[in-house]
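**Student:**
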Amino acid sequence: MASLTVGVAGGTGSGKTTLTRKLVERFPGKSSVVFHDSYYKAHDDLAYEERCLLNYDHPDAFDNDLMVEHLRRLAAGRPVECPVYDYSSYNRSDRTRRIEPAPIIVVEGILIYAAPEICELLDIKVFVDTDADVRILRRIKRDVVERGRTLESVERQYLTTVKPMHELYVEPSKRNADIIVPNGGHNLVALDMLINKVERAIG
Ligand SMILES: Nc1ncnc2c1ncn2[C@@H]1O[C@H](COP(=O)(O)OP(=O)(O)O)[C@@H](O)[C@H]1O
Ligand SMILES: Nc1ccn([C@@H]2O[C@H](COP(=O)(O)O)[C@@H](O)[C@H]2O)c(=O)n1
1 MASLTVGVAG GTGSGKTTLT RKLVERFPGK SSVVFHDSYY KAHDDLAYEE
51 RCLLNYDHPD AFDNDLMVEH LRRLAAGRPV ECPVYDYSSY NRSDRTRRIE
101 PAPIIVVEGI LIYAAPEICE LLDIKVFVDT DADVRILRRI KRDVVERGRT
151 LESVERQYLT TVKPMHELYV EPSKRNADII VPNGGHNLVA LDMLINKVER
201 AIG
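Quick note on numbering: our numbering labels position 8 of the sequence shown as 8, and the sequence is numbered without any gaps.
1) Would the C-beta of T18 count as close to ligand 1, meaning under 7 angstroms from any of its heavy atoms?
2) May I ask whether a heavy atom of ligand 1 can be found less than 7 angstroms away from the beta carbon of G208?
3) What does DSSP give as the partner residues of E50 in its beta bridges?
4) Considering only the beta carbon of each residue, do D178 and I124 sit closer than 8 angstroms?
5) So within the stretch 67-122, which uninterrupted alpha helix (DSSP H) runs reach at least 4 residues, ignoring any that extend past its ends?
6) I'd like to confirm the pairing. Which residues does DSSP put opposite T5 in its beta bridges?
7) Evaluate contact between the stretch 3-20 and the stretch 110-125, counting only Cβ atoms and requiring at least three cross-stretch pairs below 8 angstroms.
8) From R26, D143, V144 and L54, pick the residue whose C-alpha is nearest to that of M165; which is it?
9) Let me check understanding here. Comparing Cα to Cα, which of E49, I118 and D37 lies closest to N176?
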């Protein structure tokens with residue numbers, strides 16, 4: 001099965017997951033999503049307190065070799081067992097999630113365009129561009145409510161790693177994108193254009 005691979009990148013809280021969800025909703029049964037976050041490296045060798053302090057916004061935090069292998073396998077029409085990442089323990093869990101091959105594979109993550117080996121596997125590269133103040137407000141809410149974090153830990157992490165790594169790696173990787181979408185999740189014009197493009201590509 002030939003598949004179309006669509007990248008959705010952008011800073012934390014930019015609206016990547018929202019855009020991805022709206023895109024795949026339009027192609028029921030025809031799409032699978034691969035999250036770069038699932039490929040955060042395992043750190044069973046470190047104590048919880050040490051894992052909390054790692055830099056999760058640097059390109060080296062990810063096991064790109066495994067992700068590339070999985071994307072190649074999906075493109076060849078074979079399913080993969082994707083790792084399940086656990087944000088509350090700051091580690092890869094011992095579970096996996098089966099991802100089926102599909103005509104449309106969406107690849108989502110903050111740093112996918114900072115990795116040339118991932119970029120070259122993507123047919124369409126979308127970058128969701130949202131102001132930093134909006135993104136941090138969304139992130140505080142999400143990390144406290146969904147990822148079991150304290151306000152203090154979100155603030156420390158944002159200032160020590162998330163913001164500097166965004167400026168150093170995520171923002172410059174935008175130039176590798178084909179399409180830049182302001183306010184991704186709710187930008188219906190951009191979403192319609194993307195859906196039309198995908199529809200035409202998969203025929
Ligand atoms: N355009 C938007 N306007 C308002 N809220 C949005 C918009 N896009 C996303 N959100 C909200 O912001 C939060 C983060 O969005 P999400 O798509 O999870 O971002 P990301 O995957 O880039 O971290 C979610 O609660 C989502 O509902
Ligand atoms: N243990 C971890 C691993 C990652 N993060 C943060 O997740 C962010 C990426 O996910 P988005 O949904 O926000 O795109 C990234 O900025 C990491 O800082 C974490 O907090 N803890």
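Built from N, CA and C at the ideal position, the CB exists for glycine as well.
**Tutor:** Inspection of the coordinates gives the following:
1) Under cutoff, so the answer is yes.
2) Residue 208 falls outside the range modelled here, since the chain spans only 1 to 203, and no answer is possible.
3) Within the DSSP bridge table, the entry for E50 names no partner.
4) Using a Cβ distance threshold of 8 angstroms, D178 and I124 count as a contacting pair.
5) If you keep only unbroken alpha helix (DSSP H) runs of at least 4 residues inside the stretch 67-122, you get 116-119.
6) Its beta-bridge partners are I105.
7) Result yes; three or more Cβ-Cβ pairs closer than 8 angstroms.
8) It is L54 whose Cα lies nearest to the Cα of M165.
9) Ranking E49, I118 and D37 by Cα distance to N176 puts I118 first.
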